[in-house]
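Asker: Numbering (our numbering), first residue to last: 2 to 443.
Every residue, glycine too, gets a C-beta built ideally from N, C-alpha and C.
Structure below; questions to follow.
Here it is as structure tokens:
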């Protein structure tokens, strides 16, 4: 290593002013100048190398942060540190409500197609757009936005420009919101979008059939500046054709469903954990604790029992001698809203009898629908008898069609003969009437 004098550095008289400046800058940046006693020039060269690397890393960090949009629940803020003329910039995506949004670059081109984002262009103007990315969901359920957007020019004298505001604007394509700003200086810009409301139109179809991915939507934030824009340009498309009126995503429309689910869960726990039970249901082979108020609310028969001086009220017990404890548990689980599909299917006939006996119409209909779905040669005659007994026209018609129209009556000849020996006379007459009517059609 050469001595310091060979490098033209005068150590005796102290370091030069430029050396001091570099050293101070390096110290402020936390750069190591070397151990005491090392030659100063070598330390300075090492310092310059480390400072250059640190500045490059810092530039990379600044580059990353230049595309980041900071958000609060209803506020998005994009800080553009340096907006030069004829530039284009796109932000990272950000989330407001259920949608993902983006803020987009700045570019200069009066003929280039606008990107599908919120964009900024700059030449003599700054052009701000807000629109959703093209997708099936955007076409079917575009967001309907109310917002206030402002631009702060932080170069020189701070200047704020505020848009008058947008109310219930459907954002579906890149021309739905355009804001052209004249005479905005280059340099640092801050773009604020404060969403006052975001609405969507409820679907008129069964959303359970839609994939989960279709419930989110990409929307973008973009600022641009072509020459020809000198005024606010807005277009309003026809409202989307989904069912119902637009409703705000922030009005808590989901709360009734959440509250109902929590209430049903609590009712189920009341039954399963026996919380403060005040009535006993006696089945053929066991007993279950229940609650008078719940039973009375679900069944007019139970309500009458507990409202009058009947045996059930005095003894705080209800006897159901024609149900097993498993079927009775399934019945109570349905009443409390916690029935499992497997236990419902297993005890459908018992549940149908209980629904008819205690006047629970929704359970009656559920059993009716379910019993029509799996008719076969093993159960068709039992289902036919059940349909006649409980006056279930759909089930009865399905059984008769299965037996007669599809000719399955020939596959169960012996069973059908035995059925005729014990079935109700009126039912037998109806069966033969349908058979004759079908044969006449051939």
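Closer than 6 Å by C-beta to residue 193: which residues in its own chain qualify, once you throw out the five before and the five after it? Chain order, please.
Answerer: 78 and 151
Asker: Could you give the DSSP three-state label for residue 327: helix, strand or coil?
Answerer: helix
Asker: Classify residue 321 as buried or exposed, calling it buried when 16 or more other Cβ atoms lie within 10 Å of its own Cβ.
Answerer: By the neighbour-count rule (16 or more Cβ atoms within 10 Å), residue 321 is buried.
Asker: Identify every run of the beta strand (DSSP E) within the segment 272–308, keeping only runs that are complete inside it and at least 3 residues long; order them along the chain.
Answerer: 280–284 and 287–291
Asker: Going straight from the alpha carbon of residue 328 to that of residue 343, what length do you get?
Answerer: C-alpha separation (whole angstroms): 12 Å.
Asker: Who are the Cβ neighbours of residue 167 in its own chain at under 7 Å, not counting the five residues just before and after it?
Answerer: 146, 147, 148 and 178
Asker: Name the residue from 310, 314, 356 and 336 whose alpha carbon lies nearest to the alpha carbon of residue 298.
Answerer: 336
Asker: What is the C-beta distance between residue 387 and residue 325, in whole angstroms, given that I count them as a contact (C-beta under 8 Å)?
Answerer: Between residue 325 and residue 387 the Cβ distance is about 18 Å, and since that is not below 8 Å, they are no contact.
Asker: For residue 395 and residue 374, I'd like the C-alpha separation in whole angstroms.
Answerer: 11 Å
Asker: Let me confirm a value: residue 308 is counted as buried when at least 16 other C-beta atoms fall within 10 Å, else exposed. Which label applies?
Answerer: exposed
Asker: On the premise that residue 360 lies in contact with residue 301, defined as a C-beta separation below 8 Å, what is that separation, rounded to the nearest angstrom?
Answerer: 5 Å
Asker: Looking at the unbroken beta strand (DSSP E) that takes in residue 169, where does it start and where does it end?
Answerer: 167–171
Asker: In the DSSP assignment, what are the bridge partners of residue 77?
Answerer: 72 and 194
Asker: Consult DSSP for residue 322 and reduce its assignment to one of helix, strand or coil.
Answerer: Coil, per DSSP.
Asker: Skipping 5 residues on each side, what residues in its chain have a beta carbon closer than 6 Å to that of residue 265?
Answerer: Within the same chain, 338 come within 6 Å of residue 265 by CB-CB distance, once the 5 residues on both sides are set aside.
Asker: Does DSSP classify residue 60 as helix, strand or coil?
Answerer: Low local confidence applies: a pLDDT of 48 at residue 60 is under 50, so the model's placement there is unreliable, with the coordinate-based value given in what follows. Three-state DSSP puts residue 60 in a helix.
Asker: Go through its chain and collect everything with a Cβ distance to residue 197's Cβ below 7 Å, but skip five positions before and after it.
Answerer: 147, 148 and 149
Asker: Have a look at residue 323 and residue 203 and give me their C-alpha separation to the nearest angstrom.
Answerer: 46 Å
Asker: Buried or exposed: which applies to residue 310, given that a residue is buried once 16 or more other Cβ atoms fall within 10 Å of its Cβ?
Answerer: With fewer than 16 other Cβ atoms from the protein chains shown falling within 10 Å of its own Cβ, residue 310 counts as exposed.
Asker: So what's residue 363 in DSSP terms, helix, strand or just coil?
Answerer: Residue 363 falls in the helix class under three-state DSSP.
Asker: Measuring only the C-alpha atoms, how far is residue 319 from residue 371?
Answerer: 28 Å
Asker: Do you know how far the Cα of residue 428 is from the Cα of residue 411?
Answerer: 19 Å
Asker: Could you tell me the alpha carbon to alpha carbon distance between residue 347 and residue 408, rounded to whole angstroms?
Answerer: Their Cα atoms are separated by approximately 28 Å.
Asker: Could you tell me if residue 143 is buried or exposed, where buried requires 16 or more neighbouring beta carbons within 10 angstroms of its beta carbon?
Answerer: buried
Asker: Please identify the residue among 165, 277 and 189 whose C-alpha is closest to the C-alpha of residue 158.
Answerer: 189
Asker: Quick one: using the 10 Å Cβ neighbour count with 16 as the cut-off for buried, is residue 331 buried or exposed?
Answerer: buried
Asker: Could you give the distance in angstroms between the alpha-carbon of residue 279 and the alpha-carbon of residue 296?
Answerer: 11 Å
Asker: Under the DSSP definition of a beta bridge, which residues are partnered with residue 150?
Answerer: 194
Asker: Can you tell me whether residue 418 is buried or exposed? The criterion is at least 16 other CB atoms within 10 Å of its CB, across all chains shown.
Answerer: exposed
Asker: Which residues in the same chain have their Cβ closer than 6 Å to the Cβ of residue 426, if we skip the five residues on either side of it in sequence?
Answerer: Excluding residues up to 5 positions away in sequence, nothing lies with its Cβ nearer than 6 Å to the Cβ of residue 426 in the same chain.
Asker: Here's a check: name, in chain order, each residue in its chain whose Cβ is nearer than 7 Å to the Cβ of residue 420, leaving out the five neighbours to either side.
Answerer: 382
Asker: Which residue comes first and which comes last in the alpha helix (DSSP H) that contains residue 394?
Answerer: 394–401
Asker: How is the alpha helix (DSSP H) around residue 312 delimited, first residue to last?
Answerer: Start and end: 312–316.
Asker: Between which two residues does the beta strand (DSSP E) harbouring residue 160 extend?
Answerer: 160–163
Asker: Looking at the structure shown, is residue 130 part of a helix, part of a strand, or coil, going by DSSP?
Answerer: The answer is strand: DSSP assigns residue 130 an E or B state.
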